[in-house]
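Down below is the structure, laid out as structure tokens.
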Amino acid sequence: MATETDSTVRVLIDSDADIVTARQEARALAQKAGFDGTDVALIAIATSEAAGNIIRNSKRGEILVSIVHQGETRGISIVARDGGDAMEDQSAALEDDYTNGNGISRGLRRAIRRMDESEVESVLGSGTVVKMKKWMFR
94 MATETDSTVR
104 VLIDSDADIV
114 TARQEARALA
124 QKAGFDGTDV
134 ALIAIATSEA
144 AGNIIRNSKR
154 GEILVSIVHQ
164 GETRGISIVA
174 RDGGDAMEDQ
184 SAALEDDYTN
194 GNGISRGLRR
204 AIRRMDESEV
214 ESVLGSGTVV
224 KMKKWMFR
């Protein structure tokens with residue numbers, strides 16, 4: 094289920110179908126923001142990977158996609174929240190050779206690499222929040 098304000102879309106993630114919805118909503122908002130086709134695709138892929146991590150890790154969470162501004166520069170912000178078990182070793186999970194056996198870290202790395210900025214907060218008992226931004230440089 095997606096809810097939308099002027100420049101923010103919220104998608105509740107609790108099934109594989111919601112991954113598709115999140116990707117479609119991110120694609121539409123990136124197009125609305127004026128991103129070119131390549132960046133629209135990268136934003137959609139990052140959103141899909143982040144939503145997939147929610148399903149694999151905790152089964153339930155949310156994706157927030159927003160149009161953001163930094164001075165004259167426009168961008169897209171993606172925030173993925175889950176309530177699952179936190180990553181035990183967050184820095185190791187972001188390393189290329191790390192695997193936890195279920196693909197969670199690979200999907201997270203794929204999402205982060207497609208964006209310009211990223212931040213991961215993982216707290217035991219509270220879950221994980223992944224914040225990513227893609228900027229339009231024109």
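Under this note's numbering, the sequence shown is numbered contiguously, ending at residue 231. All residues carry an ideal CB built from backbone N, CA and C; glycine is no exception.
For Gly145, the enclosing alpha helix (DSSP H) has its first and last residue at Gly130 to Asn150. Exclusion of the five residues before and after Ile205 leaves Ser211 as the residues of its chain whose Cβ lies within less than 6 Å of its Cβ. For Leu157, there is no enclosing alpha helix (DSSP H); the enclosing beta strand (DSSP E) has its first and last residue at Gly154 to Gln163. Below 8 Å, enough C-beta pairs join the stretch 134 to 144 and the stretch 98 to 114 to call them touching: three or more. Under DSSP, the beta-bridge partners assigned to Ile171 are Val158 and Met225.
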